[in-house]
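Numbering (UniProt numbering), first residue to last: 1 to 207. Where a beta carbon is used, it is the ideal one built from N, C-alpha and C, also for glycine. Here is the structure we will look at.
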């Protein structure tokens with residue numbers, strides 16, 4: 001039902017006990033009309049009550065397991081770069097199409113939180129762990145995965161080079177950037193080289 005005020009009238013002297021100002025209103029409900037007081041008319045007009053809109057911000061805590069590898073993630077962390085051979089100056093990162101770890105240009109380098117694990121800051125809470133996969137050959141594939149399985153990474157206090165608690169501290173890189181942990185003498189077919197990785201910054205690079 002809609003309400004439309006047609007015109008105002010003077011005080012109804014015959015109803016001064018209520019002292020109401022009367023208006024002629026048309027109730028648009030079929031062809032019916034009615035004579036209502038302002039008070040009555042106002043009662044029929046919906047009142048807009050402001051609604052308090054509240055926004056809640058959900059926070060996701062990034063607490064990986066095990067707890068001794070659970071460092072608070074940062075928006076930036078140290079990149080990891082290659083030191084030797086034709087890989088020198090390239091950086092550790094995730095393949096754009098698979099979970100495989102690889103070396104690539106600085107523009108797409110990863111940023112990491114390091115402890116006994118190596119975690120790439122991907123998108124919280126999806127910090128991706130750098131895991132070593134088993135293989136029959138001595139060169140072991142590396143992958144970035146949501147669940148951590150490798151917590152044996154070590155970092156040299158002298159030059160920041162990365163190794164494992166078992167003593168492996170060299171990597172094999174094959175063109176165009178496939179990366180493996182070297183634990184023996186086997187080498188993949190193709191254009192491959194051995195290299196070390198470090199978390200120390202390249203002081204000669206303009207970043």
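Assuming the contact rule is C-beta atoms closer than 8 Å, residue 180 and residue 127 should be a hit. Round their C-beta distance to whole Å, please.
Along the chain shown, read from residue 1 onward, the residue named residue 180 stands at position 180. Along the chain shown, read from residue 1 onward, the residue named residue 127 stands at position 127. Actually they do not touch by this definition, with Cβ atoms about 22 Å apart.
By Cβ distance, which residues of its chain are closer than 6 Å to residue 150, with the 5 residues on each side in sequence left out?
Along the chain shown, one-based indexing puts residue 150 at 150. Contacts found: 131, 132.
Does the Cβ of residue 82 have 16 or more other Cβ atoms within 10 Å, making it buried, or fewer, making it exposed?
If you number the chain shown from 1, residue 82 lands on position 82. Buried, since its Cβ has 16 or more Cβ neighbours within 10 Å.
Closest by CA to residue 89, which one among 135, 146, 107, 156?
Position 89 of the chain shown holds residue 89. The shortest C-alpha separation from residue 89 is found at 107.
Among 152, 187, 203, 161, which has the Cα closest to the Cα of residue 115?
Position 115 of the chain shown, counted from the first residue, corresponds to residue 115. Measuring from the Cα of residue 115, the nearest candidate turns out to be 152.
Just verifying my parser: in three-state terms, what is the DSSP assignment at residue 153?
The sequence position of residue 153 within the chain shown is 153, counting from 1. Strand.
Can residue 194 and residue 175 be called in contact, C-beta distance under 8 Å?
Here residue 194 refers to the residue found at position 194 when the chain shown is read from its first residue. Here residue 175 refers to the residue found at position 175 when the chain shown is read from its first residue. Contact flag unset, no.
Taking the straight line between their C-alpha atoms, what separation do you get for residue 117 and residue 100?
Locating residue 117 in the chain shown gives position 117, counting from the first residue. Locating residue 100 in the chain shown gives position 100, counting from the first residue. Residue 117 and residue 100: Cα-Cα distance of roughly 17 Å.
Less than 8 Å between C-beta atoms, sequence neighbours within five positions excluded: which residues of the same chain meet that for residue 188?
Here residue 188 refers to the residue found at position 188 of the chain shown. Once the five neighbours on either side are set aside, the close Cβ partners of residue 188 are 137, 139, 172, 174, 178, 180.
Mapping DSSP to helix, strand and coil, what is residue 126?
The count along the chain shown starts at 1 and reaches residue 126 at position 126. Of the three classes helix, strand and coil, the one that applies to residue 126 here is strand, per DSSP.
Grouping DSSP H, G and I as helix and E and B as strand, with all else coil, what is residue 163?
As a working mapping, residue 163 is identified with position 163 in the chain shown. If DSSP states are grouped into helix, strand and coil, residue 163 belongs with the strands.
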